[in-house]
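These notes concern the structure reproduced below.
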Amino acid sequence: SQTIHQWPATLVQPVGSPLSLECTVEGTSNPNLYWYRQAAGRGLQLLFYSVGIGQISSEVPQNLSASRPQDRQFILSSKKLLLSDSGFYLCAWSGGGWEQYFGPGTRLTVT
Amino acid sequence: AQRVTQPEKLLSVFKGAPVELKCNYSYSGSPELFWYVQYSRQRLQLLLRHISRESIKGFTADLNKGETSFHLKKPFAQEEDSAMYYCALREYGNKLVFGAGTILRVKS
C-alpha cells in the first residue's frame, strides 16, 4: 500500500537560517507531488506541485523553493527563513486520479 | 481566480443537533468539489466528493450551481464528528484550492 512520510514533525528555526523539509512516498511510482502551507485563518495554500522528476511549478512567489531529486522525493527549502514562513506544511501526493493523500505535516516555527 | 469561501471559523453544536458547514465557490467552468476532514492527531483525508453523490459517515453535500454552494450537512451530529473540515475545489490538472476551514465542535 502507498504511504507518505514527512520529516521533521516539528522544527524551530531562527530568522535567517536555512530550511529543508523532506517528503517521501512509498508504494507508487511517478506520483504528482504537492507542498501546501496552512497558516492561521487562511486554509491550505498550494505552494508547489510536481508532475515528475525535476519538474516544479510554483504557485505563489515567496521565500521558498522546491525540488524533486527522485521520483518519490519532494523537498521544500529556503536559504533564509522569515518570520512569515512559520506555519504547518503539508505534503501530498496523487496518482492518476483526482484524490490527494496527505502526509502528517511539519510544524515550523521561525523565531 | 478560483476561490473557496468557508465563512465560519468555528461551528459549535450539541450532540444530536443538525449540522451544516457552509462552502461557497467561484469558478468559471464546471466545478468539481470536495470536502476534506482532519480529526485530532490524524492526517487530512478526503470525506466526500460531489460527483459521487454518496453519504459518508452520515454526511452529504449537494452542489448548488445557482447559489455556487457546496454545503456539508448531517442531520444528527455525533461527538466523533468534531474535527476541522475543509472545502476544496479542483482546478485544472489535479490541483486543489482549499477554503480556510471550519472547526466543528460537537458538545455532549
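Those sequence lines, one after another, are chains Y and U.
The numbering used here puts the first residue of the first sequence at 14, with every later residue one more than the last.
The numbering used here puts the first residue of the second sequence at 7, with every later residue one more than the last.
Where a beta carbon is used, it is the ideal one built from N, C-alpha and C, also for glycine.
For clarity, every value in this text was computed on a predicted model and none was experimentally measured.
- Shown here, ILE69(Y) sits in a strand according to DSSP, grouped into three states.
- Beta-bridge annotation (DSSP): HIS77(U) is not paired with any residue.
- Counting of Cβ neighbours within 10 angstroms places HIS77(U) among the buried residues, the total reaching 16 or more.
- Neighbours of SER107(Y) in chain U, taken as residues whose beta carbon is under 8 angstroms from its own, are ASN100 in chain order.
- Bridge pairing for GLU26(U): LYS79(U) [DSSP].
- For PRO117(Y), the C-beta contacts it makes with chain U under 7 angstroms involve ARG49, in order along the chain.
- Looking at LEU57(Y), SER71(Y) and LEU94(Y), the one whose alpha-carbon comes closest to that of LEU95(U) is LEU57(Y).
- A straight line joining the alpha-carbon of ARG111(U) with that of TYR45(U) spans about 11 angstroms.
- For LEU24(Y), the enclosing beta strand (DSSP E) stretches over residues 23–26.
- In the three-state DSSP reduction, LEU96(Y) falls in the helix class (H, G or I).
- Using beta-carbon distances, TYR102(Y) does not count as an interface residue toward chain U, since no partner is under 8 angstroms.
- Assignment of SER88(U) by DSSP, reduced to helix, strand and coil, places it in the coil class.
- Annotation: TRP48(Y) has no Cβ neighbours in chain U at a cutoff of 9 angstroms; minimum Cβ distance is about 12 angstroms.
- Nearest CB-CB separation between LEU59(Y) and chain U: below the 8 angstroms threshold.
- For GLY65(Y), none of the residues of chain U pass the 9 angstroms Cβ criterion, the least Cβ distance being about 13 angstroms.
- Take PRO27(Y), set aside five residues on each side of it, and the residues of its chain with a beta-carbon closer than 8 angstroms to its own are LEU94, VAL123 and THR124, in chain order.
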